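Chemist: All letters in the sequence shown, in the order written, are residues 1372 to 1633 by the numbering used here.
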Amino acid sequence: MIKYFHFARIAFGDHLKNRLRMFTRYLIFLLLCWVMIAMWQLIYHSGYGPASISVVDMGWYMAFAQMMFFLSPRLFVVIDDDVRSGNIGYFLNRPMPYLWMRFAEGVGALCANLWVYYIISLPFFYWMVGGWPSGGFICIAAVMATLVLSSVLHLMFQVCAGLSTFWTNDAIFIYHSYQKFCLLLGGIYVPLFLYPDLMQADLLKFLPFASLIGNPVGLIFNVNWGLLGEVILLQLFWIGAVGIGLHFLYKVCLRRVEVNGG
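#1: Decide yes or no for the touch test of the stretch 1457-1471 against the stretch 1560-1574: beta carbon pairs closer than 8 Å, at least 3 of them.
#2: May I have a chain-ordered list of the alpha helix (DSSP H) segments no shorter than 4 residues that lie completely inside the stretch 1521-1587?
#3: Please indicate yes or no: does the CB of residue 1614 lie closer than 7 Å to some heavy atom of the ligand NAP?
#4: With residue 1484 as the anchor, note down where its alpha helix (DSSP H) starts and where it stops.
#5: From residue 1387 to residue 1483, what does the alpha carbon distance come to, in whole angstroms?
#6: For residue 1633, collect the residues of the same chain with a Cβ closer than 7 Å to its Cβ; drop the 5 residues on either side in sequence, then sort them by chain order.
#7: Assess, as a yes-or-no matter, whether the stretch 1490-1508 is touched by the stretch 1578-1589 under the definition of 3 or more beta carbon pairs within less than 8 Å.
#8: According to the Cβ coordinates, are residue 1587 and residue 1517 closer than 8 Å?
#9: What number of angstroms, rounded off, separates the C-alpha of residue 1481 from the C-alpha of residue 1455?
#10: Identify the continuous alpha helix (DSSP H) that holds residue 1433 and give its terminal residues.
#11: So, under 8 Å CB-CB, residue 1534 and residue 1621 are touching, yes? Tell me the CB distance rounded to an integer number of Å.
#12: Would you mind sorting residue 1475 into buried or exposed? The rule is 16 or more other CB atoms within 10 Å of its CB.
#13: Throw me the rounded Cβ distance for the residue 1590 and residue 1513 pair, which I believe falls under 8 Å.
#14: Grab me the residues of residue 1477's own chain with a C-beta within less than 8 Å of its C-beta, minus the 5 sequence neighbours each way, in chain order.
#15: With a threshold of 8 Å between beta carbons, is residue 1484 in contact with chain C?
#16: Thinking C-alpha only, which one of 1583, 1374 and 1556 is nearest residue 1573?
#17: Can you give me the start and stop residues for the alpha helix (DSSP H) that residue 1448 sits inside?
#18: Taking C-alpha atoms, which residue in 1504, 1439 and 1508 lies nearest to residue 1522?
#19: Does DSSP put residue 1411 in a helix, in a strand, or in coil?
#20: Keeping to the same chain, check which residues put their C-beta closer than 7 Å to that of residue 1630; ignore five residues upstream and five downstream.
#21: Just the Cα atoms here: how many angstroms apart are residue 1603 and residue 1562?
#22: Would you tell me roughly how many angstroms separate the C-alpha atoms of residue 1373 and residue 1467, rounded to the nearest one?
#23: Do residue 1558 and residue 1585 have their beta-carbon atoms positioned less than 8 Å apart in this structure?
#24: Just to confirm the assignment, what range does the alpha helix (DSSP H) spanning residue 1461 have?
#25: Relative to the C-alpha of residue 1427, which residue among 1436, 1502, 1395 and 1465 is closest?
#26: Let me confirm a value: residue 1619 is counted as buried when at least 16 other C-beta atoms fall within 10 Å, else exposed. Which label applies?
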């Protein structure tokens, strides 16, 4: 495990050094948060906001929902480039599995983003929303803690998208398709419990897309130990399931490389 730690540590340092990239990405994140918060404020001021949720709580939900996609680095782009350029052949000759090497680098960059987004964002959220959530800081802490697991799961899905380049030659298309499922079934723009009955929100919460966004970010409205435990257990289940799936997918990719002669 120590070798993975060193890859993560190096990626952590490299990510923090690229200040222009981090600043640009964070600026885009703030602009997106501002647009989503302003949209819901307009809905509430027009009298169409859900009565069970305050405009302040909804604003915090929107801000954290957008954050999930920005905490993780764009790992699928790196893997896609390795496969397209043929560089993956050099990595496969190393004694360390390529799959988990890249994943460790993604975790390192994720940790760097956590420092920036978690420390700087709270004052901006307060300023944009106009107050603290009704549940207080305990709800904020619960969301921030579970978003870490969400980001790890998101990294795993990015690795899946990157490895799909072996068949599709276009990981970006696969990743964007995955994003659309998150938009539709994850609760990015609307909390899951506000979905129409046709969408069966009680069933959607068991899908991995809800474990990425809707379940953890929904803790901003209400949190207790039972609900927090349920959210974390679902996240751990999907992390384990996707991790096992990645292991077998990687083996299939290796066989494909061998069949095609490198």
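Positions of the beta carbon are idealized from the N, C-alpha and C atoms, including for glycine. Values in this document were obtained by computation on a predicted structure and should not be read as measured data.
Modeler: Taking the coordinates as given:
#1: no
#2: 1536-1539, 1542-1556, 1572-1575 and 1579-1583
#3: This structure simply doesn't include the ligand NAP, nor any ligand for that matter.
#4: 1469-1500
#5: 6 Å
#6: Note that residue 1633 scores a pLDDT of 47, beneath 50, so its modelled location is shaky and nothing firm can be said.
#7: no
#8: yes
#9: 24 Å
#10: 1426-1442
#11: 7 Å
#12: buried
#13: 4 Å
#14: 1382, 1443, 1444, 1446, 1526, 1529 and 1530
#15: No chain C is present in this structure, which holds just one protein chain.
#16: 1556
#17: 1446-1456
#18: 1439
#19: helix
#20: With a pLDDT of only 46 at residue 1630, under the threshold of 50, the placement of this residue in the model should not be trusted; the figure read from the coordinates follows. Within the same chain, residue 1630 has no close Cβ partners at all.
#21: 18 Å
#22: 12 Å
#23: yes
#24: 1459-1463
#25: 1502
#26: exposed
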